[in-house]
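Undergrad: One structure, pasted below without further comment.
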Amino acid sequence: MNLVIVESPAKAKTIEKYLGKDYKVLASFGHVRDLPSKNGSVRPEDDFAMEWAVDTKSKSRIKDITDALKNSDKLILATDPDREGEAISWHLLEVLNKKKALKGKDIERVVFNAITKKSVTDAIANPRQLDQELVDAYLARRALDYLVGFTLSPVLWRKLPGARSAGRVQSVALRLICERETEIENFNPQEFWTIDTIIDTKRGAPFAAKLVSLEGERLDKFSLNNEGLATAAKAKVDSADLSVKSVEAKPVQRKPQPPFQTSTLQQEASRKLGFSATRTMQTAQRLYEGIDIGGETVGLITYMRTDGISMVGEALSECRDVIKNDIGAAYCPKDPREYKTKAKNAQEAHEAIRPTSFERHPDKVKLSGDQKKLYELIWKRAMASQMENARMERTTIEIADAANTVGLRATGSVIRFDGFLKVYEETKTSTDGDDDESATLPPVEAGDAAKADEVKADQHFTQPPPRYSEASLVKKMEELGIGRPSTYASILKVLQDRGYVNLDKRRFTPDDKGRLVTSFLENFFSRYVQYDYTADLEERLDKVSAGELDYKTLLGDFWKQFAATVDETKELRVTHVLDALNDALRPLIFPDKEDGSDPRKCTSCDDGELSLKLGKFGAFVGCSNYPECKFTRPFGDGNDPNADNEDTMLGAHPDMAGEVWLKTGRFGPYVELKTEPDPELKKQPKPKRTSLPKNWPYNEMTLDKAVQLLSLPREIGEHPAEGGMITGALGRYGPYILHNGTYANVPTADEMFEVGLNRAVDLIAEKRANPGRGRSAGTVLKDLGLHPSTEKPVKIMDGRYGPYVKYEKINATIPSGTKPEDVNIDMALEYIAEKEAKGTRKKKKPAAKKKPAAKKKPAAKKKPAAKKTAAKKTTTKKT
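Residue numbers for the sequence shown follow this note's numbering, so the first one is 4 and each next one is one higher.
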């Protein structure tokens with residue numbers, strides 16, 4: 004009997020079917036041990052000795068493997084074909100050697116790039132030994148990440164309260180996001196104008212053209228930078244006697260992109276499918292490990308963690324055959340296309356991500372949801388990479404008057420042969436210019452008369468650079484040589500889990516905590532968030548995996564400098580940190596004022612200076628005269644025109660005793676009813692306050708509006724059919740109306756104040772019919788079937804905080820960005836397993852039942868008490 008070890012149970016199940024009865028396949032469930040989260044797990048002073056720990060679940064899996072080894076002649080390690088896979092096999096061997104379970108056993112290491120019968124059996128027939136250089140590269144990375152995290156994070160906790168952690172690559176990725184936000188905040192838009200017109204030559208349909216020259220001079224983007232110049236240019240086009248000066252048709256070709264590698268798959272899945280990096284990799288993992296496609300379980304794609312963009316010869320041959328047979332011989336080039344990666348730090352050479360068989364057309368494979376979408380994307384991209392170029396004809400028409408006073412241009416292109424575009428076209432991330440390349444132009448000739456109709460002068464402003472999406476951030480990190488494509492998904496997830504960034508409308512925005520941490524690291528650990536330094540470290544790690552550098556030499560060089568930098572911060576006080584952050588973040592916290600006054604001068608007292616403060620709930624700006632002056636405002640509101648507004652009395656409340664004030668607090672602007680203190684009360688009641696709705700500008704607040712806010716909650720009326728009062732109020736997520744536990748959102752605060760009873764009843768009825776994300780939880784969105792182990796139902800429910808998977812007493816969250824309708828039973832089982840692994844909170848033991856009280860006996864008649872002499876009371880000391 005031969006024992007084969009892989010990482011996952013899904014992979015084990017597929018491979019066991021291929022190998023037959025002489026093989027037993029078990030899963031290690033990833034790494035069987037790891038560095039424990041405590042000081043001393045890596046000891047630089049002891050030649051970087053590393054202390055490993057095995058968790059409880061891994062112990063039971065190791066026992067299963069040990070027991071199976073007793074009846075086996077050979078141990079075959081078949082973990083993934085990369086650095087992590089090599090490390091998993093190494094860890095397992097180390098543990099089994101300590102248990103003396105390998106005596107007399109043959110040990111082999113096999114790798115395969117695809118989970119198909121041929122790939123697996125070929126790998127079994129060609130074993131190799133463990134690659135110690137890959138293991139050393141893993142040890143170096145693991146030690147570096149540990150040393151940075153467990154050395155730098157405590158510094159953050161002491162010097163920057165509220166910060167959670169720092170990481171070798173995660174902090175550099177965070178810096179990219181924060182720098183982009185600073186670019187956006189400092190951006191000054193520039194005005195420019197364009198002149199567009201419709202040209203009619205009486206030869207076919209009219210076509211669009213742009214003004215490109217004026218008085219013989221070529222116009223650049225900012226030549227027409229105000230309305231006066233644009234109006235004058237428009238008048239010249241209107242009055243010009245135009246004709247076609249030249250028509251140039253030039254053949255052009257477009258080449259297909261190479262097959263996917265990890266980073267490009269994540270980018271394109273984000274752009275085309277809206278998948279997060281994590282969602283993409285989870286789906287690809289399932290396609291790689293094996294899918295039941297109608298009685299046969301097979302891996303549908305090759306290994307998905309790769310920097311390679313080439314395909315093996317047999318795959319190329321099959322791909323070309325499918326192109327010839329299914330699409331047409333004209334679409335197959337004479338020779339196969341060869342692609343070479345341009346990445347300067349490409350990791351261990353692997354094949355590109357491709358289908359294991361090109362004959363499995365996406366339409367013929369029984370897939371659904373995310374798996375179908377991603378498989379189709381991978382299949383089409385790999386197919387297109389071996390197809391003919393697309394051939395086009397790009398036409399440029401120049402139009403001008405006789406004196407060259409004005410010159411206009413129209414461009415367009417016509418596809419003469421679609422080539423690879425018949426199967427796949429990559430998403431465009433930017434345009435080459437303002438011309439409409441896709442426009443079809445009529446067959447005009449030089450000398451044709453032309454008339455300009457619908458001449459328009461349009462005003463534009465330059466736009467700031469966009470915030471990073473997951474796709475563009477992955478692309479930027481890859482360009483800089485930071486991190487590894489296989490780790491990008493986990494890096495982005497950590498930044499969100501730590502609360503350093505927010506993902507809104509698929510774009511990253513840094514949180515206050517993230518900007519503070521980045522600024523702190525740039526000031527006191529600048530070397531370790533430099534892009535060049537991080538990329539250089541990655542290259543040195545690659546040398547370790549190539550056997551060109553000893554990993555302990557790398558660790559020693561790094562630690563010597565890093566430890567010295569950490570020691571320099573020991574005497575650093577929090578006040579020094581805040582002074583440095585006040586200077587570094589000055590444009591954000593204390594922007595220059597229009598009147599030239601000191602932006603750090605407190606607006607609430609005469610001599611106070613504003614400064615960054617660190618509190619229990621994060622950073623904020625406060626006055627140096629605290630506690631005498633209690634002025635505060637949120638961190639990051641320096642550019643908010645309302646941030647420094649003084650408290651304003653709007654007037655006396657018409658129905659209640661007191662004055663209505665408009666104020667700005669730590670959590671934004673609000674109105675307050677200020678009443679005279681009651682001298683008879685020891686503890687005065689808190690004043691009534693209400694925050695301003697988002698669409699109510701601070702500067703437009705009036706007494707009437709403030710009175711409306713202070714009157715909340717508003718009683719709309721009693722429900723005519725069910726009874727009970729319907730009320731309107733402002734909540735954390737905006738205005739809403741409420742009836743018997745059902746919350747219905749209202750678009751604006753104005754509408755919430757104006758909504759009548761009939762409209763309110765309709766809104767409540769609509770909410771109950773379509774609960775969505777409201778508070779009326781418990782609705783079944785999708786029945787996924789039965790759990791394969793227990794045959795208990797698995798369902799997708801709609802809860803108060805969004806959709807989740809329900810299985811017995813387990814409620815597993817569906818990852819952000821995943822649509823409930825796309826979740827299938829395999830995905831649900833994974834979410835359930837993750838939830839079980841995290842563990843649930845211990846339930847409180849039910850209180851012991853009280854014994855029934857014994858029936859009281861009738862009290863006996865009391866005897867007269869004997870007189871006692873007074874005893875001295877003993878004093879008990881209070882602790």
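Heads up, the beta-carbon is just placed ideally off N, CA and C, and yes, glycines get one too.
1. Which of the three DSSP states, helix, strand or coil, is assigned to H742?
2. Does DSSP classify Q374 as helix, strand or coil?
3. Can you tell me where the beta strand (DSSP E) with I400 in it begins and where it stops?
4. In the DSSP assignment, the alpha helix (DSSP H) including L95 goes from what residue to what residue?
5. Per DSSP, which residues does C626 bridge with? Please list them.
6. What are the uninterrupted segments assigned as alpha helix (DSSP H) that are 4 or more residues long and contained completely in the stretch 676-744, given in chain order?
7. Excluding the five sequence neighbours on either side, which residues of its own chain have a C-beta within less than 6 Å of the C-beta of R510, listed in chain order?
8. Spatial neighbours of E833 within its chain, please: CB distance less than 6 Å, with the 5 preceding and 5 following residues excluded, ordered by chain position.
9. For V426 and R340, what's the separation of their Cα atoms in angstroms?
10. Any contact between the stretch 56-65 and the stretch 28-35? By contact I mean 3 or more CB pairs, one from each, below 8 Å.
11. Under three-state DSSP, which class holds S266?
12. Compare the beta carbon distance of Q333 and R357 with 7 Å and say whether it is the shorter of the two.
13. By the three-class DSSP mapping on this structure, what secondary structure does K248 have?
14. Short check: CB of P12 to CB of F190, under 7 Å?
15. Are there 16 or more other CB atoms within 10 angstroms of the CB of W196, so buried, or fewer, so exposed?
16. Let's see if you can read the secondary structure: which residues bound the beta strand (DSSP E) around I110?
17. Return the CA-CA distance between F623 and T635, expressed in angstroms with no decimal places.
18. Going straight from the alpha carbon of A763 to that of P39, what length do you get?
19. Three-state secondary structure (DSSP) at T286?
20. Note the first and the last residue of the continuous alpha helix (DSSP H) segment covering K60.
21. Tell me the residue span of the beta strand (DSSP E) that contains P637.
22. How would you write the range of the alpha helix (DSSP H) that P135 sits in, first residue to last?
23. Label G759 either buried or exposed according to how many other C-beta atoms from any shown protein chain fall within 10 Å of its C-beta, with 16 as the threshold for buried.
24. Could you have a look at D461 and say whether DSSP puts it in helix, strand or coil?
25. Tell me where the beta strand (DSSP E) around M800 begins and ends.
26. To which residues of the same chain is E379 closer than 6 Å at the C-beta, ignoring the five residues directly before and after it?
27. Can you tell which of L150, A56, H742, A815 has the C-alpha that lies nearest to the C-alpha of G726?
28. Helix, strand or coil: which one does DSSP assign to L575?
29. Nearest to V57 by CA position, among F51, V172, E97, L676, is which residue?
30. Taking C-alpha atoms, which residue in K812, R771, A752 lies nearest to T745?
31. Thinking C-alpha only, which one of Q288, E571, E48, K616 is nearest I592?
32. Indicate whether at least one CB of chain B lies closer than 7 Å to the CB of T606.
33. Could you tell me the alpha carbon to alpha carbon distance between E317 and I202, rounded to whole angstroms?
34. Identify the continuous alpha helix (DSSP H) that holds D545 and give its terminal residues.
35. According to DSSP, is D647 part of a helix, a strand, or is it coil?
36. Here's the rule: buried if 16 or more other CB atoms are within 10 angstroms of the residue's CB, otherwise exposed. What is S505?
TA: In brief:
1. Here the question's residue 742 lines up with position 739 in the sequence shown. Three-state DSSP puts H742 in a strand.
2. Position 371 of the sequence shown, counted from the start, is the residue given in the question as residue 374. Helix at Q374.
3. As a working mapping, residue 400 is identified with position 397 in the sequence shown. Note, I400: beta strand (DSSP E), 393-404.
4. Working through the sequence shown from its first residue, we reach residue 95 at position 92. Counting along the chain, the alpha helix (DSSP H) containing L95 begins and ends at 86-101.
5. Looking up residue 626 in the sequence shown gives position 623. Paired residues: L613.
6. 706-713
7. Position 507 of the sequence shown, counted from the first residue, corresponds to residue 510. These residues qualify, in order along the chain: R470, S472.
8. Reading the sequence shown from its first residue, position 830 is the one you call residue 833. No residues qualify anywhere along the chain.
9. Counting from one through the sequence shown, the residue named residue 426 turns up at place 423. Counting from one through the sequence shown, the residue named residue 340 turns up at place 337. Taking the straight line joining both Cα atoms gives about 16 Å.
10. yes
11. Residue numbering aside, residue 266 sits at position 263 when the sequence shown is read from its first letter. Helix, per DSSP.
12. The count along the sequence shown starts at 1 and reaches residue 333 at position 330. The count along the sequence shown starts at 1 and reaches residue 357 at position 354. Note on residue identity: the sequence assigns Ala, not Gln, to residue 333. For A333 and R357, no; Cβs fall outside 7 Å.
13. Indexing the sequence shown from 1 puts residue 248 at position 245. Here K248 sits in strand by DSSP.
14. Here residue 12 refers to the residue found at position 9 when the sequence shown is read from its first residue. Here residue 190 refers to the residue found at position 187 when the sequence shown is read from its first residue. Taking 7 Å as the Cβ cut-off, P12 and F190 do not qualify as a contacting pair.
15. Walking along the sequence shown from the start, residue 196 turns up at place 193. W196 should be labelled buried.
16. For the purposes of this step, residue 110 is taken as the residue at position 107 of the sequence shown. Unbroken beta strand (DSSP E) run through I110: 109-112.
17. Within the sequence shown, the letter at position 620 stands for residue 623. Within the sequence shown, the letter at position 632 stands for residue 635. Taking the straight line joining both Cα atoms gives about 7 Å.
18. Counted from its first residue, the sequence shown places residue 763 at position 760. Counted from its first residue, the sequence shown places residue 39 at position 36. Taking the straight line from one Cα to the other gives about 56 Å.
19. The count along the sequence shown starts at 1 and reaches residue 286 at position 283. Helix.
20. Your numbering for residue 60 matches position 57 in the sequence shown. K60 -> alpha helix (DSSP H) spans 59-73.
21. As a position in the sequence shown, residue 637 is number 634, starting the count at 1. Its beta strand (DSSP E) spans residues 635-637.
22. Reading the sequence shown from its first residue, position 132 is the one you call residue 135. This sequence places Gln at residue 135; Pro is not what is there. 135-162 is the span of the alpha helix (DSSP H), which, as asked, contains Q135.
23. As a working note, residue 759 is residue 756 in the sequence shown. With fewer than 16 Cβ atoms within 10 Å of its Cβ, G759 is classed as exposed.
24. Within the sequence shown, numbered from 1, the residue matching residue 461 stands at position 458. Three-state result, D461: strand.
25. Working through the sequence shown from its first residue, we reach residue 800 at position 797. Counting along the chain, the beta strand (DSSP E) containing M800 begins and ends at 796-802.
26. The residue labelled residue 379 in the question sits at position 376 within the sequence shown. Contacts found: P365.
27. One-based indexing of the sequence shown puts residue 726 at position 723. Here the closest residue by C-alpha is H742.
28. One-based indexing of the sequence shown puts residue 575 at position 572. The answer is coil: DSSP assigns L575 none of H, G, I, E or B.
29. The residue you call residue 57 lines up with position 54 of the sequence shown. Residue E97 is the option with its Cα nearest to V57.
30. Position 742 of the sequence shown, counted from the first residue, corresponds to residue 745. Ranking the options by Cα distance to T745, first place goes to R771.
31. As a first step, residue 592 is located in the sequence shown; it is residue number 589 there, counting from the start. Among Q288, E571, E48, K616, the Cα nearest to that of I592 belongs to K616.
32. In the structure shown, chain B cannot be found, because there is only a single protein chain.
33. By 1-based counting over the sequence shown, the position of residue 317 is 314. By 1-based counting over the sequence shown, the position of residue 202 is 199. Cα to Cα, the separation comes out at about 54 Å.
34. Numbered from its first residue, the sequence shown carries residue 545 at position 542. Element bounds for D545: 534-548.
35. To locate residue 647, count along the sequence shown from 1; it is residue 644. With a pLDDT of 49 at D647, under the threshold of 50, the modelled position of that residue is not reliable, and no figure is offered here.
36. For the purposes of this step, residue 505 is taken as residue 502 along the sequence shown, with counting starting at 1. The sequence given here has Asn at residue 505, not Ser. By the 10 Å Cβ count, N505 comes out exposed.
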